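Right, one structure below, let's go through it.
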Amino acid sequence: MIVLQCSNITKSYGVETILNQIKLEIKANERVALVGRNGSGKSTLLKIMAGQLEYDSGEIVTPKGTRLGYLDQHSGLHSDRSIWNEMLTVFEELRQMEKNLQSLEEKIADPAVYKDDTKYEKVLAEYENLQYSFREQGGYQYEANIRSILSGLKFGDFDYNTPISTLSGGQKTRLALGKLLLSKPEVLILDEPTNHLDIDTLRWLENYLSNYDGAVLIVSHDRYFLDNIVSKVYEIERAKASLFYGNYSAYLEEKANRYEQELREYEKQQKEVAELEDFIARNIVRDATSKRAQSRRKKLEKMELKEKPKGSEKSANFSFDINRQSGNEVLNIHNLSVSYDETTSVIENMNLSIKKQESVALIGPNGIGKSTLLKAIAEKIEPASGSIQYGSKVTVGYYDQEQADLHSNKDVLNELWDDYPLTPEKDIRTVLGNFLFSGEDVLKPVTSLSGGEKSRLALSKLMMKKANLLIFDEPTNHLDLDSKEVLESALIDYPGTLLFVSHDRYFLNRMATKIVELTENGLEEFLGDYDYYLMKKDEERQRQLLRAEEDNSTNTKSSSQGDGPDKEAYINDKEAKKQARKRQREIEDIEKRIETLEEEIEQLERDMLSPDVYEDHQKAADMQQRISDAKENLDHYMEKWEEIQLEEA
Numbered sequence: 001m002i003v004l005q006c007s008n009i010t011k012s013y014g015v016e017t018i019l020n021q022i023k024l025e026i027k028a029n030e031r032v033a034l035v036g037r038n039g040s041g042k043s044t045l046l047k048i049m050a051g052q053l054e055y056d057s058g059e060i061v062t063p064k065g066t067r068l069g070y071l072d073q074h075s076g077l078h079s080d081r082s083i084w085n086e087m088l089t090v091f092e093e094l095r096q097m098e099k100n101l102q103s104l105e106e107k108i109a110d111p112a113v114y115k116d117d118t119k120y121e122k123v124l125a126e127y128e129n130l131q132y133s134f135r136e137q138g139g140y141q142y143e144a145n146i147r148s149i150l151s152g153l154k155f156g157d158f159d160y161n162t163p164i165s166t167l168s169g170g171q172k173t174r175l176a177l178g179k180l181l182l183s184k185p186e187v188l189i190l191d192e193p194t195n196h197l198d199i200d201t202l203r204w205l206e207n208y209l210s211n212y213d214g215a216v217l218i219v220s221h222d223r224y225f226l227d228n229i230v231s232k233v234y235e236i237e238r239a240k241a242s243l244f245y246g247n248y249s250a251y252l253e254e255k256a257n258r259y260e261q262e263l264r265e266y267e268k269q270q271k272e273v274a275e276l277e278d279f280i281a282r283n284i285v286r287d288a289t290s291k292r293a294q295s296r297r298k299k300l301e302k303m304e305l306k307e308k309p310k311g312s313e314k315s316a317n318f319s320f321d322i323n324r325q326s327g328n329e330v331l332n333i334h335n336l337s338v339s340y341d342e343t344t345s346v347i348e349n350m351n352l353s354i355k356k357q358e359s360v361a362l363i364g365p366n367g368i369g370k371s372t373l374l375k376a377i378a379e380k381i382e383p384a385s386g387s388i389q390y391g392s393k394v395t396v397g398y399y400d401q402e403q404a405d406l407h408s409n410k411d412v413l414n415e416l417w418d419d420y421p422l423t424p425e426k427d428i429r430t431v432l433g434n435f436l437f438s439g440e441d442v443l444k445p446v447t448s449l450s451g452g453e454k455s456r457l458a459l460s461k462l463m464m465k466k467a468n469l470l471i472f473d474e475p476t477n478h479l480d481l482d483s484k485e486v487l488e489s490a491l492i493d494y495p496g497t498l499l500f501v502s503h504d505r506y507f508l509n510r511m512a513t514k515i516v517e518l519t520e521n522g523l524e525e526f527l528g529d530y531d532y533y534l535m536k537k538d539e540e541r542q543r544q545l546l547r548a549e550e551d552n553s554t555n556t557k558s559s560s561q562g563d564g565p566d567k568e569a570y571i572n573d574k575e576a577k578k579q580a581r582k583r584q585r586e587i588e589d590i591e592k593r594i595e596t597l598e599e600e601i602e603q604l605e606r607d608m609l610s611p612d613v614y615e616d617h618q619k620a621a622d623m624q625q626r627i628s629d630a631k632e633n634l635d636h637y638m639e640k641w642e643e644i645q646l647e648e649a
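Below, the structure written as structure tokens:
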């Protein structure tokens with residue numbers, strides 16, 4: 001069944017047509033990607049579908065009762081409520097039903113009601129209908145659903161009473177996503193949902209969307225994400241929409257195949273046209289062949305001439321070079337500590353060494369201190385203690401994800417030219433042209449640029465520096481998929497050394513020769529790309545499971561551990577695992593009790609509607625008391641479950 005259909009949607013701004021006769025359809029439970037260059041009209045189309053933007057012509061059709069949920073790429077929750085209370089607003093209808101059920105339960109237990117058979121049966125019937133609706137709509141799970149979503153989006157260790165107004169912009173955006181997911185619309189429309197998500201959260205979101213009971217339309221510049229989720233791709237290019245089946249990688253392959261096929265057909269037709277025209281020119285004036293020439297002319301006139309396929313739109317074209325090679329030792333960090341203030345350390349006693357021409361990816365959860373570390377290495381902030389030593393002939397280029405080095409009061413041309421005043425204007429314009437700033441674009445004020453344009457401008461400044469150590473903080477943020485590929489190709493050919501932070505797993509896989517994982521316990525190095533890192537982490541998990549099984553066996557080898565620090569570490573590790581297993585058993589036991597209590601409550605509420613019960617007022621009152629006691633126990637175990645989860649975190 002089609003749940004969303006766009007028919008000939010056209011949208012213009014002034015004389016510029018952004019969308020021209022767009023046709024698009026989404027079926028129930030499909031996972032669809034909308035791709036295209038920055039500025040191609042993707043977000044405009046999503047806003048039109050969500051009813052937030054008018055369009056010039058065409059039609060949008062959805063079946064009656066279909067709910068659309070839309071997440072804007074710049075959205076964030078702005079609320080005076082706490083995290084928990086804001087999430088509860090999604091379930092206002094259920095919560096009102098819950099209050100009504102409680103009110104009806106009180107009526108059922110009221111002697112003035114249960115002694116009046118007519119009133120009593122009427123209240124019971126009303127209670128039965130409402131209780132059925134409440135159960136069918138997830139009334140017994142909605143609080144658990146909130147906790148699950150908040151945990152997946154890295155709010156599991158937060159105090160849920162935290163006011164949303166005190167959170168960062170990225171946290172507010174994640175909460176906006178969480179609130180939308182909780183509402184479970186039939187069609188989810190997501191514009192860049194992967195912004196502000198670390199790798200663990202990205203994996204959680206992939207799994208959630210893959211199993212989502214509804215259709216999903218996604219705009220994303222994360223290729224790894226798209227490859228794992230979508231099965232259909234619509235591309236917006238030159239204001240038109242084209243459909244491709246498969247994931248993002250399949251789309252790229254099919255697009256290349258289509259272009260080659262169209263080009264072959266065009267060239268074949270051009271050859272045929274040339275042959276016809278040549279024959280006509282040589283034979284039209286000769287009596288013997290004039291009729292044949294006229295026949296060829298008619299054939300040529302009837303021929304529907306193909307347009308030459310245009311291929312992809314113009315791409316950025318740049319490369320990174322160096323002025324001179326560095327020594328083999330590029331960077332050595334010893335016992336480094338970095339603090340936001342005198343009391344809060346973000347990085348503590350870190351040691352790291354980087355060699356010439358290594359490509360090192362720094363990964364870890366949001367808030368762990370990755371960007372702070374890069375700023376300290378790039379000498380943007382002072383470390384609290386320790387040392388950062390550059391090797392011989394090392395020159396540093398730093399790319400800030402916030403583009404703090406760009407000056408909003410300048411135009412594009414002078415933003416680059418002022419840094420390199422001895423370079424001729426013609427050469428500066430050529431560089432900017434390679435980064436897709438041409439003609440009047442170079443006179444745009446920096447403040448008016450989009451996120452992608454600012455990223456390209458910052459990259460142009462970095463390219464001109466010709467440093468032999470490039471430090472990137474989220475270089476692919478704001479770049480469209482095409483620009484990402486150009487950047488990757490440029491960095492693969494770069495003859496210097498790279499240190500970068502990125503949540504783009506495709507970029508990590510192509511670029512990294514070493515992964516450095518930053519955790520609360522320090523850092524761990526993996527010599528390989530991102531897939532290698534995942535493999536080693538999986539091996540580590542398997543070893544932990546194996547050790548846990550060995551610890552459970554009766555043939556423990558503790559007596560052979562010897563004395564000294566190794567034995568102490570072994571005992572401590574064993575005790576920690578013992579406590580972890582104990583907590584896990586406790587959690588499993590509580591979850592079973594919760595499940596039993598929920599089933600018991602449902603059964604009691606069904607029994608309440610039995611004639612044997614509701615016709616006996618004393619039985620009904622006793623039954624109501626049992627329901628109240630069971631709900632009280634359920635609340636107790638839910639609180640206990642949450643306490644243990646927080647202890648484990």
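649 is the number that the UniProt record's numbering gives the last residue of the sequence shown; the numbers go up by one with no jumps. Ideal placement from N, C-alpha and C gives every residue a C-beta, glycine not left out. Owing to the predicted nature of the structure, the values given are computational and were not obtained by experimental measurement.
- The beta carbon of Trp-641 is closer than 8 Å to those of Ile-587, Ile-590, Glu-591, Ile-594 in its chain, skipping five residues each way along the sequence.
- In this structure, the alpha-carbon of Glu-525 lies about 34 Å from that of Glu-453.
- Residue environment analysis places Arg-585 among the exposed positions, since fewer than 16 neighbouring C-beta atoms fall within 10 angstroms of its C-beta.
- Taking 3 residues as the minimum length, the beta strand (DSSP E) runs contained wholly in the region 320 to 377 are 329 to 339, 345 to 355, 359 to 363, in order along the chain.
- The beta carbon of Glu-632 lies closer than 7 Å to none in the same chain, with the five residues before and after it left out.
- The alpha carbon of Gly-369 has as its nearest neighbour, out of Thr-519, Lys-306, Ser-249, Asp-480, the alpha carbon of Thr-519.
- The bridge partners DSSP lists for Ala-241 are Ile-236.
- Between the C-alpha atoms of Lys-355 and Val-330 there is a straight-line separation of about 5 Å.
- Rounded to whole angstroms, the gap between the alpha carbons of Glu-598 and Glu-106 is 20 Å.
- Assignment of Glu-524 by DSSP, reduced to helix, strand and coil, places it in the strand class.
- For the alpha helix (DSSP H) assignment, the uninterrupted runs of no fewer than 4 residues enclosed by the region 211 to 299 are, from N- to C-terminal side, 223 to 229, 248 to 283.
- By a beta-carbon distance limit of 8 Å, Val-35 contacts Val-233. Their separation comes to about 6 Å.
- A residue is called buried when at least 16 other Cβ atoms come within 10 angstroms of its Cβ; Ile-492 does not meet this threshold and is exposed.
- For Leu-498, the enclosing beta strand (DSSP E) starts and ends at 497 to 501.
- With a 10 Å radius around the Cβ and a threshold of 16 neighbouring Cβ atoms, Gly-439 comes out exposed.
- Boundaries of the beta strand (DSSP E) harbouring Arg-31: 31 to 35, taken from the DSSP string.
- Counting along the chain, Val-431 sits inside the alpha helix (DSSP H) bounded by residues 425 to 434.
- Sequence-distant partners of Asp-110 (beyond 5 residues in either direction) whose C-beta falls short of 8 Å from its own C-beta are missing from its chain.
- Closest by C-alpha distance to Glu-605, out of Ser-290, Arg-135, Arg-429, Thr-513, is Arg-135.
- Across the set Tyr-530, Phe-507, Gly-522, His-503, the C-alpha of Tyr-530 shows the shortest separation from the C-alpha of Ile-515.
- Counting along the chain, the unbroken alpha helix (DSSP H) around Thr-44 starts and ends at 42 to 49.
- Membership of Gln-544 in the alpha helix (DSSP H) is indicated by the continuous run 530 to 552.
- Under the DSSP definition of a beta bridge, Ile-388 partners with Ile-333.
- For Asp-473, the three-state secondary structure derived from DSSP is strand.
- If you look at Lys-99, you'll find it in the alpha helix (DSSP H) that goes 92 to 109.
- Scanning its chain for C-beta atoms nearer than 8 Å, with the 5 sequence neighbours on each side dropped, one finds around Tyr-399 the residues Ala-458, Leu-459, Leu-462, Leu-470, Ile-471, Phe-472, Asp-473, Pro-475, in chain order.
- Pairing Leu-413 with Asp-441, the inter-Cα distance amounts to about 9 Å.
- Apart from the 5 residues on each side of it in sequence, Glu-358 sits with its Cβ closer than 7 Å to the Cβ of Thr-497, Thr-513, Lys-514 in its chain, given in chain order.
- Put simply, the backbone Cα of Asp-80 is about 33 Å away from that of Phe-225.
- For Thr-166, the secondary structure class from DSSP, reduced to helix, strand or coil, is helix.
- Going by DSSP, Asn-509 is part of the alpha helix (DSSP H) stretching over 505 to 511.
- Within the region 120 to 186, the runs of alpha helix (DSSP H) at least 4 residues long that lie entirely inside it are, in chain order, 142 to 152, 169 to 183.
- In the DSSP annotation of this structure, the continuous segment of the beta strand (DSSP E) that includes Lys-23 starts and ends at 16 to 27.
- For Asn-317, no beta strand (DSSP E) encloses it, and the DSSP letter there is neither H nor E.
- Between the alpha carbons of Arg-456 and Arg-282 lies a distance of about 55 Å.
- Between Val-61 and Gln-21, the gap from beta carbon to beta carbon reaches 8 Å or more.
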